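Trainee: To start, I am sharing the structure in question, which I have written as structure tokens.
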Amino acid sequence: MSDVDERRGGAPVRAAGRITAAVEWFVGSWRAMWIVLAVPAAFLITGIVVWLAHGRMGVDSAVYRAGGIALLTGEPLYDKMTLLAEPWWAQLPFTYAPSAALFFVPLALVPVTVGWGLLSFVSVLSMSLVIRITLDKLPKLPSWLEPRKATVWFSILMLGMEPVWRTLFLGQINLILLLIVVLDVLVISTSANPKVARWGGILVGIAFAIKLTPLIFVAHLVLIGRYASALRAFATFLALQALMFAISASDTVKYWTVTIVGDPGRIGPVYWNGNQSLTGLVNRITLLDPSSTKIAIVIGAVLAIPAMLLVRRFHRHGRAVTALLVSAFFGLLFSPITWTHHYVWVVPLLIMLIARMPDPLPQGTWRIARAAVAPLTVFAVFVSCVLLWMRGGHGKELLWHWWEFIPGSAYMIVPVGAGIAIAIRVLRRRMRARSQPADPEQPKVAAGQTT
Numbered sequence: 319m320s321d322v323d324e325r326r327g328g329a330p331v332r333a334a335g336r337i338t339a340a341v342e343w344f345v346g347s348w349r350a351m352w353i354v355l356a357v358p359a360a361f362l363i364t365g366i367v368v369w370l371a372h373g374r375m376g377v378d379s380a381v382y383r384a385g386g387i388a389l390l391t392g393e394p395l396y397d398k399m400t401l402l403a404e405p406w407w408a409q410l411p412f413t414y415a416p417s418a419a420l421f422f423v424p425l426a427l428v429p430v431t432v433g434w435g436l437l438s439f440v441s442v443l444s445m446s447l448v449i450r451i452t453l454d455k456l457p458k459l460p461s462w463l464e465p466r467k468a469t470v471w472f473s474i475l476m477l478g479m480e481p482v483w484r485t486l487f488l489g490q491i492n493l494i495l496l497l498i499v500v501l502d503v504l505v506i507s508t509s510a511n512p513k514v515a516r517w518g519g520i521l522v523g524i525a526f527a528i529k530l531t532p533l534i535f536v537a538h539l540v541l542i543g544r545y546a547s548a549l550r551a552f553a554t555f556l557a558l559q560a561l562m563f564a565i566s567a568s569d570t571v572k573y574w575t576v577t578i579v580g581d582p583g584r585i586g587p588v589y590w591n592g593n594q595s596l597t598g599l600v601n602r603i604t605l606l607d608p609s610s611t612k613i614a615i616v617i618g619a620v621l622a623i624p625a626m627l628l629v630r631r632f633h634r635h636g637r638a639v640t641a642l643l644v645s646a647f648f649g650l651l652f653s654p655i656t657w658t659h660h661y662v663w664v665v666p667l668l669i670m671l672i673a674r675m676p677d678p679l680p681q682g683t684w685r686i687a688r689a690a691v692a693p694l695t696v697f698a699v700f701v702s703c704v705l706l707w708m709r710g711g712h713g714k715e716l717l718w719h720w721w722e723f724i725p726g727s728a729y730m731i732v733p734v735g736a737g738i739a740i741a742i743r744v745l746r747r748r749m750r751a752r753s754q755p756a757d758p759e760q761p762k763v764a765a766g767q768t769t
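Numbering (the numbering used here), first residue to last: 319 to 769.
Written as structure tokens, this is what we have:
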């Protein structure tokens, strides 16, 4: 073989080597990779079969696709409550910023249910990548938790949780946004390689341009000292808004001046049980009192103080995943609308809780169950579909008895309960440290010196 042939064949060989290395890092072998790919492939095949059978699947992905088509055809996104390309079974308003429609344009190239299948394929694969990255970024893993094998098993196990399967069933993009944020905050922005870190924040800015709730992660980047990444995130968001203004000035101006502030009905009643945010809870408790939103904002502002302190504390102690989870769940609580399928952040939360179990595991089923009480409780809440059993819709939430607010706020109780448990643990450690007598033999450190 000549030198030219070797050079020509070198690139494919190197590419194949990189793919094989990525698979080995991800799940360990091609055999395991095919298992991981089987689930998203099943969703894609289902979408194609449903399309051939003239069925329907993916209400929200149908609206995304209609938004992309509207952008291509010049149809106004916000003049009416529905778009022309929406099928009869998905007559819903387009509630996202006009920049989101730009990312939905590829869905316009395929039929509705095939688009749902493609979106589900990417979503399931995104969840698997989030699991693997989370395992990789935790400061310590127990010896019995092998990251690559755990990725395979958790990718299947997490499908049973309501936020995950509802995201897939509706054709939502929550799992994709989850991966975008995790990849940016935990991998790119915090990379020790300057060539990688200089791209930090861009993915968060894109997520912010698709849905407004990822704004919380711009604040997270500021809290952990990644100011350049935070600036790039906001600059990316503004650049995409400027691009959309050049493409469709009328849609851009109407969204930011009218739709977002004066047309809340496009999203849905804020008091619905499915809205697991402080605003939804206060509206249900106060029976839609006009001051409900203001009360929720005040409560959120109070919770923001310990949340910020925890983010900074965890980041300083090398617990980047936990710090990110604090920001994520605070954002879910503070957002005016947080539907149950937005709680896909429970995926990395469960991984983190499982990784904190004892090493080695105690002997006996009962002792293992006691050690796993935290992850088992969280998993039970989100796999039980408890909110689906509550009275809801048509104002039934406003007729709840006091005890119904406990299971009816189950998703919110998880992050609040975790925050209280962490605060108690920190206070106990500080009290024990203060109560312990100082060691007289330990040398004193002069003021201004460090050990």
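Even glycine gets a Cβ: it sits at the ideal position worked out from N, Cα and C.
Quantities reported herein were computed from a predicted structural model and do not represent experimental measurements.
I think Ser290 touches Ser595, with their Cβ atoms under 8 angstroms apart; what is that distance to the nearest whole Å?
Mentor: Nothing in the structure corresponds to residue 290, since the chain is present only between 319 and 769.
Trainee: Measuring only the C-alpha atoms, how far is Val503 from Val522?
Mentor: Numbered from 1 along the sequence shown, position 185 holds the residue referred to as residue 503. Numbered from 1 along the sequence shown, position 204 holds the residue referred to as residue 522. Taken atom to atom, the span from the alpha-carbon of Val503 to that of Val522 is near 8 angstroms.
Trainee: Report yes if the CB atom of Phe700 is closer than 7 angstroms to the CB atom of Val662, and no otherwise.
Mentor: What you label residue 700 is simply residue 382 of the sequence shown in a count that begins at 1. What you label residue 662 is simply residue 344 of the sequence shown in a count that begins at 1. No, they are not a contact pair.
Trainee: Give a yes or no on whether the C-beta atoms belonging to Ala614 and Val600 are separated by under 7 angstroms.
Mentor: For the purposes of this step, residue 614 is taken as the residue at position 296 of the sequence shown. For the purposes of this step, residue 600 is taken as the residue at position 282 of the sequence shown. Yes, they are a contact pair.
Trainee: Does the beta-carbon of Trp434 have 16 or more other beta-carbons within 10 angstroms, so that it is buried, or is it exposed?
Mentor: Here residue 434 corresponds to residue number 116 of the sequence shown, with the count starting at 1. It counts as buried.
Trainee: Output the boundary residues of the alpha helix (DSSP H) element that contains Asn492.
Mentor: By 1-based counting over the sequence shown, the position of residue 492 is 174. Counting along the chain, the alpha helix (DSSP H) containing Asn492 begins and ends at 492-500.
Trainee: Within a Cβ cutoff of 6 angstroms, which residues of the same chain sit near Ile672, ignoring the five residues on either side of it in sequence?
Mentor: By 1-based counting over the sequence shown, the position of residue 672 is 354. Excluding sequence neighbours, Ile672 sits near Pro693.
Trainee: By a C-beta neighbour count over all protein chains shown, 10 Å radius and 16 as the cutoff for buried, is Thr391 buried or exposed?
Mentor: Walking along the sequence shown from the start, residue 391 turns up at place 73. Label assigned to Thr391: exposed.
Trainee: State the Cα-Cα distance for the pair Met479 and Thr658, rounded to the nearest angstrom.
Mentor: Residue 479 sits at position 161 when you count from the first residue of the sequence shown. Residue 658 sits at position 340 when you count from the first residue of the sequence shown. Met479 and Thr658: Cα-Cα distance of roughly 11 angstroms.
Trainee: Give me the Cβ distance between Leu495 and Pro532, rounded to the nearest whole Å; I'm assuming they're in contact under 8 angstroms.
Mentor: Working through the sequence shown from its first residue, we reach residue 495 at position 177. Working through the sequence shown from its first residue, we reach residue 532 at position 214. Correct: roughly 7 angstroms between the Cβ atoms.
Trainee: Is there contact here, the stretch 366-381 with the stretch 405-424, by at least three beta-carbon pairs under 8 angstroms?
Mentor: Yes, the stretch 366-381 is in contact with the stretch 405-424.
Trainee: Per DSSP, Ile593 forms a beta bridge with which residues?
Mentor: Counted from its first residue, the sequence shown places residue 593 at position 275. Looking at the sequence provided, one finds Asn at residue 593 rather than Ile. The partner list for Asn593 (beta bridge, DSSP) reads Trp657.
Trainee: Look at Val470 and Ala350 and say whether their C-beta atoms are less than 7 angstroms apart.
Mentor: To locate residue 470, count along the sequence shown from 1; it is residue 152. To locate residue 350, count along the sequence shown from 1; it is residue 32. Going by C-beta atoms, Val470 is nearer than 7 angstroms to Ala350.
Trainee: Helix or strand or just coil, what does DSSP make of Pro693?
Mentor: Here residue 693 is taken as the residue at index 375 of the sequence shown, counted from 1. In this structure, Pro693 counts as helix in the three-state DSSP scheme.
Trainee: Please name the residue in Gly543, Arg743, Leu488 whose C-alpha comes closest to that of Ser441.
Mentor: As a first step, residue 441 must be located in the sequence shown, where it is residue number 123. Among Gly543, Arg743, Leu488, the Cα nearest to that of Ser441 belongs to Leu488.
Trainee: Does the pairing of the stretch 619-629 with the stretch 669-688 give three or more beta-carbon distances under 8 angstroms?
Mentor: Because the criterion of three Cβ pairs below 8 angstroms is not met, the stretch 619-629 and the stretch 669-688 do not touch.
Trainee: Near Ile498, which residues of its chain fall below 7 angstroms by C-beta distance, leaving aside the five closest residues on each side in sequence?
Mentor: As a position in the sequence shown, residue 498 is number 180, starting the count at 1. Taken in chain order, the residues that qualify are Leu521, Ile524, Ala525.
Trainee: Given a cut-off of 7 angstroms on the beta-carbon distance, is the pair Arg383 and Ala426 in contact?
Mentor: For this step, residue 383 is matched to residue 65 along the sequence shown. For this step, residue 426 is matched to residue 108 along the sequence shown. Their beta carbons are under 7 angstroms apart, which means Arg383 touches Ala426 by this criterion.
Trainee: Return helix, strand or coil for Glu393, following the three-state DSSP convention.
Mentor: Translated into the one-based positions of the sequence shown, residue 393 becomes position 75. Three-state result, Glu393: coil.
Trainee: Between the alpha carbons of Leu501 and Phe552, how many angstroms are there, rounded?
Mentor: Stepping through the sequence shown from its first residue, residue 501 is reached at position 183. Stepping through the sequence shown from its first residue, residue 552 is reached at position 234. If you draw a straight line from the Cα of Leu501 to the Cα of Phe552, it is about 17 angstroms long.
Trainee: Closest to Ser309 by C-alpha separation, out of Leu402, Leu643, Tyr573, would be which residue?
Mentor: Residue 309 lies beyond the residue range present for the chain, which begins at 319 and ends at 769; the question has no answer from this structure.
Trainee: Taking 6 angstroms as the cut-off, does the CB of Leu561 come closer than this to any heavy atom belonging to the ligand MN?
Mentor: Among the ligands in the structure shown, none appear at all, so the ligand MN cannot be discussed.
Trainee: Would Phe412 pass as a contact of Gly385 if the rule is Cβ separation under 7 angstroms?
Mentor: Residue mapping note: residue 412 aligns to position 94 of the sequence shown, counting from 1. Residue mapping note: residue 385 aligns to position 67 of the sequence shown, counting from 1. Between Phe412 and Gly385, the C-beta gap is smaller than 7 angstroms, which places the two residues in contact.
Trainee: Within its chain, find whatever has a CB closer than 6 angstroms to the CB of Leu459; leave out the 5 residues flanking it on each side and keep chain order.
Mentor: In the sequence shown, the residue the question calls residue 459 occupies position 141. Excluding sequence neighbours, Leu459 sits near Ala673.
Trainee: Of all the options Arg516, Ser645, Thr338, Tyr729, which has the alpha carbon lying nearest to the alpha carbon of Asn593?
Mentor: As a working note, residue 593 is residue 275 in the sequence shown. Minimum Cα distance to Asn593 is reached at Tyr729.
Trainee: Please work out which residues of its chain come closer than 8 angstroms, Cβ to Cβ, to Ser473, disregarding the five sequence neighbours upstream and downstream, and give them in chain order.
Mentor: Here residue 473 is taken as the residue at index 155 of the sequence shown, counted from 1. Only Val354, Val357, Val442, Met445, Ser446, Ile449 meet the Cβ criterion.
Trainee: Taking DSSP as the reference, what is the three-state secondary structure of Pro313?
Mentor: The structure shown has nothing for residue 313, since the chain only spans 319 to 769.
Trainee: Taking 7 angstroms as the limit between beta carbons, can you name the residues of its chain near Leu668, skipping five residues before and five after?
Mentor: Start at 1 with the first residue of the sequence shown, and residue 668 comes out as number 350. Here the set comprises Pro693, Val696, Phe697.
Trainee: Please check the pair Phe439 and Ala546, which I expect to be a contact at CB under 8 angstroms, by giving their CB distance rounded to whole angstroms.
Mentor: To locate residue 439, count along the sequence shown from 1; it is residue 121. To locate residue 546, count along the sequence shown from 1; it is residue 228. With a Cβ gap of about 34 angstroms, Phe439 and Ala546 do not count as contacting.
Trainee: Should Arg484 and Gly346 be called a contact, given that it needs their Cβ atoms to be closer than 7 angstroms?
Mentor: Residue 484 sits at position 166 when you count from the first residue of the sequence shown. Residue 346 sits at position 28 when you count from the first residue of the sequence shown. Going by C-beta atoms, Arg484 is not nearer than 7 angstroms to Gly346.
Trainee: So which of Leu362, His635, Gly737, Tyr589 has the shortest CA-CA distance to Gly275?
Mentor: What the structure shows of the chain is the stretch from 319 to 769, and residue 275 is not part of that stretch, so it cannot be assessed.
Trainee: Whole angstroms are fine: how far does the CA of Leu549 sit from the CA of Ile617?
Mentor: In the sequence shown, counting from the first residue as 1, residue 617 sits at position 299. In the sequence shown, counting from the first residue as 1, residue 549 sits at position 231. Each residue's alpha carbon lies about 28 angstroms from the other.
Trainee: What would DSSP say about Phe652, mapped onto helix, strand or coil?
Mentor: Translated into the one-based positions of the sequence shown, residue 652 becomes position 334. Here Phe652 sits in helix by DSSP.
Trainee: Quick check: Val644 and Leu628, are their CB atoms within less than 7 angstroms of each other?
Mentor: Numbered from 1 along the sequence shown, position 326 holds the residue referred to as residue 644. Numbered from 1 along the sequence shown, position 310 holds the residue referred to as residue 628. Cβ atoms of Val644 and Leu628: closer than 7 angstroms.
Trainee: Does Pro481 come out as helix, strand or coil in the three-state DSSP assignment?
Mentor: In the sequence shown, residue 481 corresponds to position 163, counting from 1. If DSSP states are grouped into helix, strand and coil, Pro481 belongs with the helices.
Trainee: For the alpha helix (DSSP H) that contains Thr431, what are its first and last residues?
Mentor: In the sequence shown, counting from the first residue as 1, residue 431 sits at position 113. It spans 430-455 - the alpha helix (DSSP H) in which Thr431 sits, taken as one unbroken run.
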